[in-house]
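In our numbering, the protein residues as written are 23 to 325.
The C-beta atom is built at its ideal place from N, Cα and C for all residues, glycine as well.
All remarks here apply to the structure that follows.
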Ligand code: PAF
């Protein structure tokens, strides 16, 4: 299957039994299908993705299946959330494999629009969340969250979903989307599912496939460092600087890892904490060869 100028042509994949999965790149079509599902009394769940699906996405789809009668997965590598020099062109697009995963996990509709379908003219209308987008990844990716919030708003409007599912690995994205939905009274619920990890602790990510064999061996140090931070806090440490230093020392064991940030922040405001109180989000970003890796852990010390 291949795209034409206006996106993926629509197809119907008939599965064993009565269930079928439909695929379209057309906004008009997805709107019609979700309207029919709604009229049949089904709740609509959306799993927004950029494709290159993995077990993390599968866990979101499974959560959507458990919660909603009709599940839509969007596959769209959104150009507006990539900055100059980032990996937009190289971002993996294994469309057939993505469809197979969706089929296996019981998706009803895959929405795979082209850029021309999503942005048919110069885009003059943006959704901007201020403040919380300026911390953490926002420092090095200035327009990234504006692209994410704009495309998510478009997807929510197009699909008309009741619930949208996101992964905790992108902790800042989850906080930003939740805040946007609350501030703008969008009529849907945001459900955040736990980070899925490989057996060695590395957070599953589409970008892990950029890693060489050696880099892949080294990458789990990020989660090891986060766990060390959690241990310190659980043992009573309240000084964020001490925890940050320890995390950094662990990460430095892999000299190839270029640390972008190690931050201990309030899980809602994303502002640096001065003293670790009840709940803290430890978030890190680092480059390893061609991959920019992010990970995080929320520690609730119950203090
Ligand atoms: O997390 C992602 O894959 C993307 O940021 C999203 C939410 C699909 C928007 O393009």
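Please state whether DSSP places residue i in a helix, a strand or coil.
i, result
"residue 203", "helix"
"residue 96", "strand"
"residue 75", "coil"
"residue 197", "helix"
"residue 311", "coil"
"residue 60", "helix"
"residue 213", "strand"
"residue 224", "coil"
"residue 47", "coil"
"residue 53", "helix"
"residue 219", "strand"
"residue 325", "coil"
"residue 318", "strand"
"residue 42", "strand"
How many Å lie between residue i and residue j at the Cα?
i, j, result
"residue 325", "residue 84", "34 Å"
"residue 127", "residue 64", "18 Å"
"residue 121", "residue 144", "30 Å"
"residue 288", "residue 260", "13 Å"
"residue 238", "residue 151", "34 Å"
"residue 280", "residue 52", "42 Å"
"residue 212", "residue 185", "6 Å"
"residue 199", "residue 173", "11 Å"
"residue 302", "residue 286", "6 Å"
"residue 187", "residue 161", "25 Å"
"residue 59", "residue 91", "8 Å"
"residue 316", "residue 142", "32 Å"
"residue 163", "residue 222", "28 Å"
"residue 248", "residue 210", "32 Å"
"residue 50", "residue 204", "27 Å"
"residue 254", "residue 267", "11 Å"
"residue 293", "residue 154", "8 Å"
"residue 252", "residue 264", "12 Å"
"residue 284", "residue 201", "23 Å"
"residue 55", "residue 182", "11 Å"
"residue 86", "residue 79", "11 Å"
"residue 114", "residue 257", "42 Å"
"residue 149", "residue 156", "15 Å"
"residue 230", "residue 194", "19 Å"
"residue 110", "residue 243", "26 Å"
"residue 25", "residue 139", "Because residue 25 carries a pLDDT of 48, less than 50, the predicted location of this residue cannot be relied on, and no value is offered for it."
"residue 146", "residue 236", "44 Å"
"residue 62", "residue 224", "41 Å"
"residue 191", "residue 112", "21 Å"
So the candidates are the options; which of them puts its Cα closest to the Cα of residue i?
i, options, result
"residue 98", "189, 176, 312", "176"
"residue 241", "253, 307, 45, 166", "307"
"residue 103", "72, 238, 82", "72"
"residue 180", "319, 95, 116", "95"
"residue 178", "294, 66, 47, 44", "66"
"residue 276", "117, 139, 245", "245"
"residue 117", "146, 93, 109, 76", "76"
"residue 226", "58, 82, 56", "82"
"residue 93", "224, 100, 42", "42"
"residue 234", "255, 250, 290, 278", "278"
"residue 167", "105, 115, 119", "105"
"residue 305", "100, 196, 202, 236", "196"
"residue 165", "100, 204, 129", "100"
"residue 119", "108, 193, 228", "228"
"residue 206", "171, 270, 250", "171"
"residue 273", "250, 190, 182", "250"
"residue 129", "112, 262, 88, 115", "88"
"residue 290", "138, 158, 147", "158"
"residue 69", "243, 147, 124, 62", "124"
"residue 137", "269, 169, 231, 189", "169"
Report yes if the C-beta of residue i is less than 6 Å from at least one heavy atom of ligand 2; otherwise report no.
i, result
"residue 214", "This structure lacks ligand 2; the ligands present are ligand 1."
For the region 106-185, list the alpha helix (DSSP H) runs that are entirely contained and at least 4 residues long, ordered along the chain. 117-126, 137-140, 159-162, 166-181
Pair every Cβ in the region 205-221 with every Cβ in the region 295-312, then say whether three or more of these pairs are closer than 8 Å. no
Should the region 315-322 be called in touch with the region 288-302, which here means at least 3 C-beta pairs below 8 Å? yes
Starting from the N-terminal side, write out each stretch of the alpha helix (DSSP H) that is 4 residues or longer and does not extend beyond the region 230-305. 235-240, 243-256, 262-273
Evaluate the contact criterion for the region 130-139 versus the region 46-61: three or more CB pairs, one atom per stretch, below 8 Å. yes
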